[in-house]
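*Asks:*
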Amino acid sequence: MTTDAALVPTLPAPPATGSAASPTEGAIAVRRLRYLSEIGLALSAERDIQRLLAMILSASRELTTSDGGTLYIVEKGADDQKTLFFRAAQNDSITVDTNMSFAVTRSSLAGYAALSGEILRFDDVYHLPADAPYKFNSSFDAEHGYLTKSVLVVPLKDHNGEVIGVLQLINRKRRRETLLRDPATVEREVIAFDDEMTELAATLASQAAVALNNTLLLREIEELFEALVEAASSAIEDRDPTTSGHSRRVTQLTLELARAINGAGAGPLAGAQFSPAQLKELRYASLLHDFGKIGVRENVLTKSQKIEAPHFEAIQNRILTLRAQWETQSARAQLAIARDQTLSPHQKESATVTAEADFAARIAQLDSDAQLLAQLNDPALDFVSDQGGDTAILALERLQQAQFCTAQGHDEPILHPEEALALQVRRGTLTPDEFRQIKDHAQMSFEFLSQIPWTATLKNVPSIARSHHERNDGSGYPQGLTESEIPIGAKLMAIADVYDALTASDRPYKRALSPEKALQILQSEAQAGKLDAAALQIFIDREVWKLAGE
182 MTTDAALVPT LPAPPATGSA ASPTEGAIAV RRLRYLSEIG LALSAERDIQ
232 RLLAMILSAS RELTTSDGGT LYIVEKGADD QKTLFFRAAQ NDSITVDTNM
282 SFAVTRSSLA GYAALSGEIL RFDDVYHLPA DAPYKFNSSF DAEHGYLTKS
332 VLVVPLKDHN GEVIGVLQLI NRKRRRETLL RDPATVEREV IAFDDEMTEL
382 AATLASQAAV ALNNTLLLRE IEELFEALVE AASSAIEDRD PTTSGHSRRV
432 TQLTLELARA INGAGAGPLA GAQFSPAQLK ELRYASLLHD FGKIGVRENV
482 LTKSQKIEAP HFEAIQNRIL TLRAQWETQS ARAQLAIARD QTLSPHQKES
532 ATVTAEADFA ARIAQLDSDA QLLAQLNDPA LDFVSDQGGD TAILALERLQ
582 QAQFCTAQGH DEPILHPEEA LALQVRRGTL TPDEFRQIKD HAQMSFEFLS
632 QIPWTATLKN VPSIARSHHE RNDGSGYPQG LTESEIPIGA KLMAIADVYD
682 ALTASDRPYK RALSPEKALQ ILQSEAQAGK LDAAALQIFI DREVWKLAGE
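Read left to right, the sequence shown gives residues 182 to 731 (our numbering).
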């Protein structure tokens with residue numbers, strides 16, 4: 182019984198091994214050559230590493246009528262230490278379920294072949310030469326009640342001659358259908374791997390090595406690209422620590438929603454299916470959906486207050502300067518009154534009281550406006566409902582009209598028009614112009630990602646990433662797409678993106694909402710025709726949203 186049988190695609194029928202009534206040796210050789218050619222084509226077409234390994238092992242066993250076999254992959258660690266990983270096992274006579282790895286040394290058969298690059302062949306592995314540097318590990322036989330006799334060990338070499346794997350075939354049989362259940366059957370039915378079988382196995386191993394090397398290279402490229410995507414996603418979030426983890430959470434929610442849709446047996450999305458390739462495409466698009474923020478100025482991207490602390494401190498210093506100048510002016514005015522010889526004592530007293538009252542009123546108003554200014558700078562407060570729009574506007578107007586004298590002797594307003602505009606933002610921290618810059622990130626994501634030569638299965642990554650702020654009713658950005666124009670992956674990402682933005686606890690400009698409140702807002706958006714109602718219902722019913730808290 183073979184553990185990898187389910188992984189092996191349909192392979193060409195193996196050629197006959199020959200008998201008294203079989204075709205001539207020439208005909209058999211032609212069939213074997215054709216078989217090797219067909220196997221080579223099948224191996225070169227396979228890209229799944231486990232299926233490929235199972236194919237290599239199955240074809241090798243079929244070609245040599247071996248009862249069993251194992252396939253090892255050689256991998257290097259960070260210190261260049263080679264390790265043999267047991268990746269595939271098949272056996273006609275017993276059930277094999279083994280998973281192990283061991284350092285590459287000359288003491289084992291597979292290790293010796295991996296280090297020396299030599300083919301090893303034994304008629305009876307229990308009778309090795311006394312001076313052999315390697316030993317046969319009989320623990321497998323003891324554990325499984327099996328008897329290994331003839332063994333062929335073939336290294337798989339890449340184009341540079343470096344061993345990348347080891348193929349080990351055991352117990353070549355006279356007849357393919359024979360099961361080796363006892364020692365007597367082994368002694369009667371197992372034969373040696375002769376020169377012809379060794380050459381055939383070596384030829385197949387050479388083909389297998391090419392296919393395996395190509396697949397391993399492809400896997401390395403995919404892993405490298407995966408790491409680059411992860412690094413790019415992290416780099417964007419590193420620019421804005423307040424959204425750290427956002428892209429990963431959105432990716433997790435989006436993919437889980439897509440998988441939930443795959444399992445939907447009824448409803449508007451019952452026919453929608455995301456293939457593994459489409460899920461990978463959606464994953465990359467989700468991880469990189471905010472990649473365009475790399476083109477947004479950092480002071481806008483990381484803005485945590487309507488007016489950032491250093492700038493706001495400068496405004497407060499202007500107020501303190503004006504307050505001090507008013508105090509000086511008030512003191513001088515009172516001194517002038519006291520020195521005015523034209524005024525009677527009663528008039529002086531009256532003028533002083535009036536001046537002090539005027540000064541106190543101005544200072545009180547300035548202090549009140551300064552306090553209101555600090556409150557207006559809090560992004561969590563609503564400019565209108567929390568502070569009263571008219572009261573706030575009057576305060577901002579007074580501060581724009583109030584002038585203080587700079588060290589250079591120039592009059593300057595306490596508050597400049599652009600500062601007053603920033604403080605009038607109702608929610609959040611961004612002015613209309615800054616918000617436009619942030620919105621531009623969606624289009625910039627598309628422009629940046631379009632420069633990458635995506636494969637055919639990933640070609641939609643740029644358009645999916647660009648469309649995560651589009652809305653079904655056409656009110657989204659950057660293109661104002663409507664329902665039929667928005668990629669389905671972007672619709673799912675929009676739900677995940679909004680949910681995470683509402684519930685994230687790391688945004689300084691807003692309070693995190695509870696999941697229940699966030700879902701209510703999402704439902705309102707769906708009812709308004711902005712978000713996909715069917716996808717949102719699955720998001721809620723299948724409790725996809727809970728993943729955000731994990």
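From the three backbone atoms N, C-alpha and C, an ideal C-beta is built for every residue, glycine too.
When DSSP builds the beta bridges, which residues end up paired with Glu256?
*Replies:* The residue you call residue 256 lines up with position 75 of the sequence shown. Paired residues: Thr264.
*Asks:* Tell me where the beta strand (DSSP E) around Phe585 begins and ends.
*Replies:* Residue numbering aside, residue 585 sits at position 404 when the sequence shown is read from its first letter. That run of the beta strand (DSSP E) goes Gln584 to Cys586.
*Asks:* When burial is assigned at 16 or more other CB atoms within 10 Å of the CB, is Ala202 buried or exposed?
*Replies:* Here the question's residue 202 lines up with position 21 in the sequence shown. For Ala202, the predicted structure reports a pLDDT of 46, less than 50, and the residue's modelled location is therefore unreliable. A value from the coordinates is still provided. By the neighbour-count rule (16 or more Cβ atoms within 10 Å), Ala202 is not buried but exposed.
*Asks:* Terminal residues of the continuous alpha helix (DSSP H) containing Gln461?
*Replies:* If you number the sequence shown from 1, residue 461 lands on position 280. The sequence given here places Lys at residue 461; Gln does not occur at that position. Counting along the chain, the alpha helix (DSSP H) containing Lys461 begins and ends at Pro457 to Leu468.
*Asks:* From the DSSP output, in three-state form, read off Ile372 for me.
*Replies:* As a first step, residue 372 is located in the sequence shown; it is residue number 191 there, counting from the start. DSSP places Ile372 in strand when its eight states are reduced to three.
*Asks:* Does DSSP classify Arg302 as helix, strand or coil?
*Replies:* By 1-based counting over the sequence shown, the position of residue 302 is 121. Correct three-state label for Arg302: strand.
*Asks:* If we call anything under 8 Å between Cβ atoms a contact, is Leu554 one with Leu604?
*Replies:* As a working note, residue 554 is residue 373 in the sequence shown. As a working note, residue 604 is residue 423 in the sequence shown. Contact flag set, yes.
*Asks:* Taking its Cβ as the centre, do 16 or more other Cβ atoms sit within 10 Å of Ile667, making it buried, or is it exposed?
*Replies:* By one-based count along the sequence shown, residue 667 stands at place 486. Under this definition Ile667 is a buried residue.
*Asks:* So, for Val189: in the same chain, excluding its five sequence neighbours on each side, which residues have a beta-carbon less than 6 Å away from its beta-carbon?
*Replies:* Here residue 189 refers to the residue found at position 8 when the sequence shown is read from its first residue. In this prediction, Val189 scores a pLDDT of 49, lower than 50, which makes its location untrustworthy; the coordinate-derived value is nonetheless stated afterwards. So the list reads Ala235, Met236 and Ser239, once near-sequence residues are dropped.
*Asks:* Use the C-beta contact count for Glu324: other C-beta atoms within 10 angstroms, 16 or more gives buried, fewer gives exposed.
*Replies:* Position 143 of the sequence shown, counting from 1, holds the residue named residue 324. Counting Cβ neighbours within 10 Å, Glu324 comes out exposed, since fewer than 16 surround it.
*Asks:* Just verifying my parser: in three-state terms, what is the DSSP assignment at Thr180?
*Replies:* This structure cannot settle anything about residue 180, because the visible part of the chain is limited to 182 through 731.
*Asks:* With distances taken from CA atoms, which of Ala729, Glu489, Leu233 and Arg647 is nearest Val391?
*Replies:* Translated into the one-based positions of the sequence shown, residue 391 becomes position 210. Closest option to Val391, Cα to Cα, is Leu233.
*Asks:* For Lys698, which option in Gly710, Lys711, Gln624 and Val679 has the closest C-alpha, if you only look at C-alpha atoms?
*Replies:* As a first step, residue 698 must be located in the sequence shown, where it is residue number 517. When each option's Cα is compared against that of Lys698, the closest is Val679.
*Asks:* Whole angstroms are fine: how far does the CA of Leu301 sit from the CA of Phe629?
*Replies:* Translated into positions along the sequence shown, residue 629 becomes position 448. Translated into positions along the sequence shown, residue 301 becomes position 120. Phe629 and Leu301 have their alpha carbons spaced roughly 54 Å apart.
*Asks:* Consult DSSP for Gly250 and reduce its assignment to one of helix, strand or coil.
*Replies:* What you label residue 250 is simply residue 69 of the sequence shown in a count that begins at 1. Note: Gly250 maps to strand in three-state DSSP.
*Asks:* Could you check which residue in Ala675, Ala295 and Gln708 has the C-alpha nearest to that of Val335?
*Replies:* Working through the sequence shown from its first residue, we reach residue 335 at position 154. Among Ala675, Ala295 and Gln708, the Cα nearest to that of Val335 belongs to Ala295.
*Asks:* Mind reading off the beta-carbon distance from Leu547 to Arg504? Whole number of angstroms is fine, and I expect it under 8 Å.
*Replies:* Here residue 547 refers to the residue found at position 366 of the sequence shown. Here residue 504 refers to the residue found at position 323 of the sequence shown. Leu547 to Arg504, Cβ: 6 Å. Contact.
*Asks:* How many angstroms separate the CA atom of Gly426 from the CA atom of Leu436?
*Replies:* Taking the sequence shown and counting its residues from 1, the one referred to as residue 426 is at position 245. Taking the sequence shown and counting its residues from 1, the one referred to as residue 436 is at position 255. For Gly426 and Leu436, the distance between alpha carbons rounds to 16 Å.
*Asks:* Taking the C-alpha atoms as reference points, what is the distance between Phe317 and Lys727?
*Replies:* Taking the sequence shown and counting its residues from 1, the one referred to as residue 317 is at position 136. Taking the sequence shown and counting its residues from 1, the one referred to as residue 727 is at position 546. Cα-Cα distance, rounded: 53 Å.
*Asks:* Going by C-alpha distance, which of Gln459, His308, Gly292 and Arg543 is nearest Leu639?
*Replies:* Taking the first residue of the sequence shown as 1, we reach residue 639 at position 458. Closest in C-alpha terms to Leu639, from the list Gln459, His308, Gly292 and Arg543, comes Gln459.
*Asks:* Could you spell out where the alpha helix (DSSP H) holding Lys338 opens and where it closes?
*Replies:* Taking the first residue of the sequence shown as position 1, residue 338 is located at position 157. Element bounds for Lys338: not the alpha helix (DSSP H) but the beta strand (DSSP E), Val332 to Lys338.
*Asks:* Output the distance between the C-alpha atoms of Ser549 and Thr587, rounded to the nearest integer angstrom.
*Replies:* Within the sequence shown, numbered from 1, the residue matching residue 549 stands at position 368. Within the sequence shown, numbered from 1, the residue matching residue 587 stands at position 406. Computed Cα separation, rounded: 23 Å.
*Asks:* Shortest alpha-carbon distance to Leu577 belongs to which of Asp229, Leu405, Ile595 and Ala413?
*Replies:* Start at 1 with the first residue of the sequence shown, and residue 577 comes out as number 396. Of Asp229, Leu405, Ile595 and Ala413, the residue nearest in Cα terms is Ile595.
*Asks:* For a quick check, are the C-beta atoms of Ile645 and Gly661 less than 8 Å apart?
*Replies:* The sequence position of residue 645 within the sequence shown is 464, counting from 1. The sequence position of residue 661 within the sequence shown is 480, counting from 1. In this structure, Ile645 sits away from Gly661, with a CB-CB distance that is not shorter than 8 Å.
*Asks:* Closer than 7 Å by C-beta to Arg287: which residues in its own chain qualify, once you throw out the five before and the five after it? Chain order, please.
*Replies:* For the purposes of this step, residue 287 is taken as the residue at position 106 of the sequence shown. For Arg287, where only same-chain residues beyond five positions count, the Cβ hits under 7 Å are Tyr293, Leu296, Pro314 and Tyr315.
*Asks:* Locate the beta strand (DSSP E) running through Glu593, then write down its first and last residues.
*Replies:* By 1-based counting over the sequence shown, the position of residue 593 is 412. Asp592 to Pro594 is the span of the beta strand (DSSP E), which, as asked, contains Glu593.
*Asks:* Just to check my reading of the structure: Phe585 and Thr502 have Cβ atoms closer than 8 Å, yes? What is that Cβ distance to the nearest angstrom?
*Replies:* Your numbering for residue 585 matches position 404 in the sequence shown. Your numbering for residue 502 matches position 321 in the sequence shown. That pair is a contact at about 5 Å.
*Asks:* Excluding the 5 residues flanking Ala715 on each side, which residues of the same chain have their C-beta closer than 7 Å to its C-beta?
*Replies:* Translated into the one-based positions of the sequence shown, residue 715 becomes position 534. Gly448, Pro449 and Leu450.
*Asks:* Report the three-state DSSP secondary structure of Lys698 (helix, strand or coil).
*Replies:* Locating residue 698 in the sequence shown gives position 517, where the first residue counts as 1. The answer is helix: DSSP assigns Lys698 an H, G or I state.
*Asks:* If contact is defined by three or more beta carbon pairs under 8 Å, each pair taking one atom from either stretch, is the segment 394-405 in contact with the segment 350-369?
*Replies:* no
*Asks:* Starting from Gly346, follow the alpha helix (DSSP H) in both directions and report where the run begins and ends.
*Replies:* In the sequence shown, residue 346 corresponds to position 165, counting from 1. Looking at the DSSP string, Gly346 is not in any alpha helix (DSSP H); the run it does join, the beta strand (DSSP E), is Val344 to Lys354.
*Asks:* Using three-state DSSP, classify Ala202 as helix, strand or coil.
*Replies:* In the sequence shown, counting from the first residue as 1, residue 202 sits at position 21. Model confidence at Ala202 stands at a pLDDT of 46, short of 50, so the residue's coordinates are unreliable; what they give is reported in the following sentence. Correct three-state label for Ala202: coil.
*Asks:* Looking only at C-alpha atoms, which of Arg430, Leu309, Tyr327 and Ser695 sits nearest to Asp273?
*Replies:* If you number the sequence shown from 1, residue 273 lands on position 92. The option with the nearest alpha carbon to Asp273 is Tyr327.
*Asks:* Pick helix, strand or coil for Ser686, following the three-state DSSP scheme.
*Replies:* On the sequence shown, residue 686 is found 505 positions in, with the first residue counted as 1. Three-state DSSP puts Ser686 in coil, outside helix and strand.
*Asks:* Output the distance between the C-alpha atoms of Thr483 and Ala490, rounded to the nearest integer angstrom.
*Replies:* Residue 483 sits at position 302 when you count from the first residue of the sequence shown. Residue 490 sits at position 309 when you count from the first residue of the sequence shown. In a straight line, the C-alpha of Thr483 is about 12 Å away from that of Ala490.
*Asks:* DSSP three-state label for Met182, please.
*Replies:* By 1-based counting over the sequence shown, the position of residue 182 is 1. With a pLDDT of only 44 at Met182, under 50, the local geometry of the prediction cannot be trusted, and no value is derived from it.
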